[in-house]
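Visitor:
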Amino acid sequence: MRVSSFKFISLRKYIKKVNLFRFYSTATIVHLDSTLADPISVEQSQNPYNDNHLINGFTKLDTPKVAEILYSLIKQPNLAISFFYQLKEGGFSHDCNTYAAIIRILCYWRLDRKLDYVLLELIGKQRNSGFQIELLFEALAEGVHSEFSNVLAHVSDVLVKLYVNYGMFDEAIDVLSQIMLRGVIPHIFSCNFLMNRLILCGEVELALTIYRQLEVIGVTPNDYTYTIAIKAFCVKGSLEEALDVFQKMEQDGIAPRLFAYTTYIEGLCMNKQPDLGFKVLQALISAKGPVDVFAFSVVIRGFCNERKLKEAENVLHEMENQGLAPDVYVYGALICGFCRIGRLDKAIAFHEEMVAKNIKTNCVILSSILQGLVQAGMTSEVAYQFREFKKMGVFLDRACYNVVIHALCQLGKVEEASIFFLEMKEKQMAPDVINYTTLIRGYCLMGKLDDALNLFEEMKRNGPKPDIVTYNVLASGLCRNGLLREALNLLDEMEAQGYKTNTVIQNAIIEGLCIAGNVEDAEAFFNKLDEKCVENYSSMVNGYCDANYTNNAFKLFIKLSKEGCILTNGSYSKLLSNLCVEGDDQKALFLLEKMLALNVKPTKIMYSNVIGVLCNGGEMKKAQYAFDTFIGSGLVPDLITYTMMINGYCRINFLKEACKLLGDMMSRGIEPDVVTYTVLLDGFSKQNLRSHSLSRARKNKDKMFDPSAFWREIIDRDMQPDVICYTVLIDSHCKMNKIIDARSLFDEMIDRGLQPDIVTYTALLSGFFKARDIDRVEVLVKEMQVNGIEQDGHYESTFRHGILKARNVQFS
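Residue numbers 447 to 1258, in this note's numbering, belong to the letters of the sequence shown in order.
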């Protein structure tokens, strides 16, 4: 029954009947909360409506009468709200008609915050008791007074906002459908709000569907609508369609604002096209369009994400040329980018520049610098730098603390790490699951299992709930320390908490037991697994390698390869490394060939390991085969690999092949270093051959040349010869009776600040003995004693042989 069909009864009649306003005064009107709290949350003792007989009187009212009273109170909204909620407290059950009445009053007076509260209440009823919102729309649409004409549109806007904030997108779309069925056009702001939030939540297609339907349902898009569409197409990766939106804006007579262009530029960078994003920005500048710091920061961040830091710096310079000063976000992108590629020097330089400009740094930037120190191997510097950052008064978050805790644990300073952990608590910064897990890992690595278990118990008792990673770390630690039973108990506890034993934990137990030397327990656990996957087999191979059971690992590899099972690259790498360390070149080469047969592409490190062991064993034909396979696979050998090959050929006196490799290396743009030249210098010195200069040798690789040519090349390239390099040349001069040249090189080495070692002294002594210069021998021996040079067997043999030879010469 419609509310409007009721005969309005005088409010005065009801006042008289139930003595409703017996205590009514200005002081006793219910104070409405300005927040979304209950509008009538006042002390019971102060409320004039708490008499039981009054409440009983309210419960006797039916819905039409309550609606009539509410409409009669339109000029007194506070009283209407009080009446509405007192009925509810007294047990009256409001329906869509009474809700419609109070909502109309709130809309009439634009009491939006209180309207939010009422509608949130309805959303709760919809979730809990199945209240149908469409019934509310029916009630709002019926018998509408002129003063309530815009209620339906306004209520729909608020409901859409509330639904979207709670992630109830289907309900929000249903609201728009309901009002359109009643002839009300949705407001563009509501549509924009819905579309934008859909994109943020990954519902891009749904957002675009709404965008495409706007004009169909009579909603006129505005510039923000089109910008949202550009964003959606960019997130989807449809850059051409995003560009078409600009054309649609032009057709509709809407001039794109900077925000639209920046959104498109950001989309290009998001799709790994920062170069194109920069061109769009430059075109905007050329057209005298407005640009701001944010537009430049988007491009700089895009280049940094693609590790194109040089280009990012160029954008920074262009930005400054436009008279714009970089802000913390620009500097932050550059600092994080340089930390990511290991250029800590540049990162710190930009940070110092930023601070010098009084731009306040933040914990995100500082966390990147701390992480950069760890990646650069400067772990010992992390704690110091962390303390320096604290002195700056900058807030350091959990991520910063976790980096320093992790770094200290890596250094074995777990007690110091625990101090930082306690410091977090003292600062009311509750450690999260990552902080706890990091410190537990540190205790496990140091073998402090009691501390690890105590921290784990504290975590369960007071901290965040342990996750699968925490269980994994602790189980691995227990196994590494030979505590298999405790690890298995932990797995039972983990499953009781609802976590399933996964491959990661199984592998942690297998490898942990092997590291602890309990290979038999690891095998028993491995064999008991009902279903074994590739990762399990790989972990068993890894475990064997960690325990130095390389033969067992190789046998398991052979068995699996016959069955067509392909292990992980990490397992192949570890097995190959073990074989190379043990000098088993045949098995190493076999493993490499088997990997190729299984279509498993070896890495550069794998090839280098095999080539290294073959070269050390003098197996240069096999090494050359591996080297050719390396290049044939599309990989380019690095300087170390080339140097190993050159050294291998020099050791077997194949100097022609060594020179060919040198030429091949340089043709690929790989410049030799001091080690490479030292290897060649040593090889040619031992042959004592004469030839042409290095420059001629490059033109004609078949010709040999004098070792001094390599020395000249080192000097010409401004390289810094080391002790080994000097020693090789000194030894060469001594063997060719060029004692003066040898001594001159020896003095030059000392002038450069290099300390000769026992090998250098032995080479020079050999030359002095050969020249029968006993005086210089005595001087050199005293010099060795002063410098604290310890003698070795080769030195003693050289010295005894030289003395005997000198005596024979003297007696003759």
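For every residue, glycine included, the Cβ atom is placed at its ideal position computed from N, Cα and C.
Could you check which residue in 920, 910 and 908 has the C-alpha nearest to that of residue 898?
Guide: If you number the sequence shown from 1, residue 898 lands on position 452. Of the candidates 920, 910 and 908, the one whose C-alpha sits nearest the C-alpha of residue 898 is 920.
Visitor: With H, G and I counted as helix, E and B as strand and the rest as coil, what does DSSP make of residue 1049?
Guide: Against the sequence shown, residue 1049 aligns to sequence position 603. If DSSP states are grouped into helix, strand and coil, residue 1049 belongs with coil.
Visitor: How many Å lie between residue 1222 and residue 1199 at the Cα?
Guide: Locating residue 1222 in the sequence shown gives position 776, where the first residue counts as 1. Locating residue 1199 in the sequence shown gives position 753, where the first residue counts as 1. So the two alpha carbons sit approximately 22 Å from each other.
Visitor: Just checking my contact of residue 951 with residue 971 at CB under 8 Å: how many whole Å lie between their CB atoms?
Guide: The count along the sequence shown starts at 1 and reaches residue 951 at position 505. The count along the sequence shown starts at 1 and reaches residue 971 at position 525. With 8 Å as the limit, residue 951 and residue 971 do not qualify as a contact, their Cβ atoms being about 11 Å apart.
Visitor: Check each candidate in 1074, 878, 926 and 948 and name the one with the smallest Cα separation from residue 909.
Guide: Numbered from its first residue, the sequence shown carries residue 909 at position 463. Cα-wise, what sits closest to residue 909 is 878.
Visitor: Using a Cβ-Cβ cut-off of 8 Å, state whether residue 997 counts as contacting chain D.
Guide: Within the model displayed, chain D is absent; a lone protein chain is all it includes.
Visitor: With 16 as the cutoff for other CB atoms within 10 Å, does residue 1024 come out buried or exposed?
Guide: For the purposes of this step, residue 1024 is taken as residue 578 along the sequence shown, with counting starting at 1. Buried is the call here.
Visitor: With a threshold of 16 other CB atoms inside 10 Å of the CB of residue 646, please say whether the residue is buried or exposed.
Guide: Within the sequence shown, residue 646 is the residue found at index 200, counting from 1. Exposed is the call here.
Visitor: Let me know if residue 763 comes out buried or exposed under the rule of 16 or more other beta-carbons within 10 Å of its beta-carbon.
Guide: For this step, residue 763 is matched to residue 317 along the sequence shown. By the neighbour-count rule (16 or more Cβ atoms within 10 Å), residue 763 is not buried but exposed.
Visitor: To which residues of the same chain is residue 779 closer than 6 Å at the C-beta, ignoring the five residues directly before and after it?
Guide: Translated into positions along the sequence shown, residue 779 becomes position 333. Around residue 779: 746, 747 and 750.
Visitor: Quick one: complete alpha helix (DSSP H) runs, 4+ long, within the region 1165-1235?
Guide: If we require 4 residues or more, the alpha helix (DSSP H) runs fully inside the region 1165-1235 come out as 1169-1181, 1185-1197, 1204-1216 and 1220-1233.
Visitor: Under 8 Å: do the region 1090-1099 and the region 1120-1133 share three or more Cβ pairs, one atom per stretch?
Guide: yes
Visitor: What separation, rounded to the nearest whole angstrom, lies between the Cα atoms of residue 858 and residue 815?
Guide: Sequence index remark: in the sequence shown, residue 858 carries index 412 (1-based). Sequence index remark: in the sequence shown, residue 815 carries index 369 (1-based). Going by C-alpha positions, residue 858 is about 21 Å away from residue 815.
Visitor: What residue does the alpha helix (DSSP H) around residue 543 start on, and which one ends it?
Guide: Position 97 of the sequence shown holds residue 543. Element bounds for residue 543: 542-554.
Visitor: Do residue 1091 and residue 1051 come within 8 Å of each other at the CB atom, strictly closer than that value?
Guide: For the purposes of this step, residue 1051 is taken as residue 605 along the sequence shown, with counting starting at 1. For the purposes of this step, residue 1091 is taken as residue 645 along the sequence shown, with counting starting at 1. Cβ atoms of residue 1051 and residue 1091: not closer than 8 Å.
Visitor: Could you name each continuous alpha helix (DSSP H) segment of 4 residues or more that falls completely within the region 667-708, going from the start of the chain to the end?
Guide: Whole alpha helix (DSSP H) segments, 4+ residues: 669-682 and 685-697.
Visitor: For a quick check, are the C-beta atoms of residue 993 and residue 1026 less than 8 Å apart?
Guide: As a working note, residue 993 is residue 547 in the sequence shown. As a working note, residue 1026 is residue 580 in the sequence shown. Against a cut-off of 8 Å, the Cβ pair of residue 1026 and residue 993 comes out as no contact.
Visitor: For residue 634 versus residue 601, is the C-beta distance shorter than 8 Å?
Guide: The count along the sequence shown starts at 1 and reaches residue 634 at position 188. The count along the sequence shown starts at 1 and reaches residue 601 at position 155. Not in contact: residue 634 and residue 601 (Cβ atoms no closer than 8 Å).
Visitor: So, is residue 922 buried or exposed, given that buried needs 16 or more other C-beta atoms within 10 angstroms?
Guide: In the sequence shown, residue 922 corresponds to position 476, counting from 1. With 16 or more Cβ atoms within 10 Å of its Cβ, residue 922 is classed as buried.
Visitor: Check whether the region 1167-1181 touches the region 1195-1213, taking contact to mean three or more Cβ pairs, one atom from each stretch, closer than 8 Å.
Guide: yes
Visitor: Whose C-beta lies closer than 8 Å to the C-beta of residue 624 among residues of the same chain, with five residues either side of it excluded?
Guide: Working through the sequence shown from its first residue, we reach residue 624 at position 178. Here the set comprises 579, 580, 583 and 602.
Visitor: Under a three-way DSSP split, which group does residue 1100 fall into?
Guide: Taking the first residue of the sequence shown as position 1, residue 1100 is located at position 654. Reduced to three states, the DSSP call for residue 1100 is coil.
Visitor: Give me, in chain order, the residues of the same chain whose beta-carbon lies closer than 7 Å to that of residue 705; leave out the 5 immediate sequence neighbours on both sides.
Guide: Taking the first residue of the sequence shown as 1, we reach residue 705 at position 259. So the qualifying residues of the chain are 673.
Visitor: Kindly confirm or deny that the region 724-744 and the region 691-698 touch, where touching means at least three C-beta pairs closer than 8 Å.
Guide: no
Visitor: My output table needs one value for residue 1122: the three-state DSSP class, helix, strand or coil.
Guide: For the purposes of this step, residue 1122 is taken as the residue at position 676 of the sequence shown. In this structure, residue 1122 counts as helix in the three-state DSSP scheme.
Visitor: On the criterion of 16 or more Cβ atoms from any shown chain inside 10 Å, does residue 696 qualify as buried, or is it exposed?
Guide: The count along the sequence shown starts at 1 and reaches residue 696 at position 250. Exposed: under 16 other Cβ atoms inside 10 Å.
Visitor: When we look at the beta-carbon of residue 1013 and count the other beta-carbons within 10 Å, is it buried (16 or more) or exposed?
Guide: Numbered from 1 along the sequence shown, position 567 holds the residue referred to as residue 1013. So residue 1013 ends up on the buried side.
Visitor: Starting from the Cα of residue 667, find the closest Cα among 560, 654 and 638 and give me that residue.
Guide: Taking the first residue of the sequence shown as 1, we reach residue 667 at position 221. Ranking the options by Cα distance to residue 667, first place goes to 638.
Visitor: May I have the straight-line CA-CA distance separating residue 713 from residue 1084, to the nearest angstrom?
Guide: One-based indexing of the sequence shown puts residue 713 at position 267. One-based indexing of the sequence shown puts residue 1084 at position 638. Distance between the alpha carbons of residue 713 and residue 1084 is about 37 Å.
Visitor: Are there three or more Cβ pairs, one per stretch, closer than 8 Å when the region 936-947 is compared with the region 974-993?
Guide: Three or more beta-carbon pairs separated by less than 8 Å are not found between the region 936-947 and the region 974-993, which leaves the two stretches without contact.
Visitor: Nearest to residue 676 by alpha carbon, out of 642, 699 and 660?
Guide: Numbered from its first residue, the sequence shown carries residue 676 at position 230. Taking only the C-alpha atoms, the option nearest residue 676 is 642.
Visitor: Nearest to residue 913 by alpha carbon, out of 769, 884 and 822?
Guide: On the sequence shown, residue 913 is found 467 positions in, with the first residue counted as 1. Answer by Cα proximity: 884.
Visitor: Put residue 733 into one of helix, strand or coil per three-state DSSP.
Guide: Translated into positions along the sequence shown, residue 733 becomes position 287. If DSSP states are grouped into helix, strand and coil, residue 733 belongs with coil.
Visitor: Which of the three DSSP states is assigned to residue 876 in this structure?
Guide: Working through the sequence shown from its first residue, we reach residue 876 at position 430. Correct three-state label for residue 876: coil.
Visitor: Do you know how far the Cα of residue 1229 is from the Cα of residue 894?
Guide: If you number the sequence shown from 1, residue 894 lands on position 448. If you number the sequence shown from 1, residue 1229 lands on position 783. Rounded to whole angstroms, residue 894 to residue 1229 spans 50 Å at the Cα level.
Visitor: Out of curiosity, what's the CA-to-CA distance linking residue 1076 and residue 790?
Guide: Taking the sequence shown and counting its residues from 1, one reaches residue 1076 at position 630. Taking the sequence shown and counting its residues from 1, one reaches residue 790 at position 344. Within the model, the alpha-carbon separation for residue 1076 versus residue 790 is close to 33 Å.
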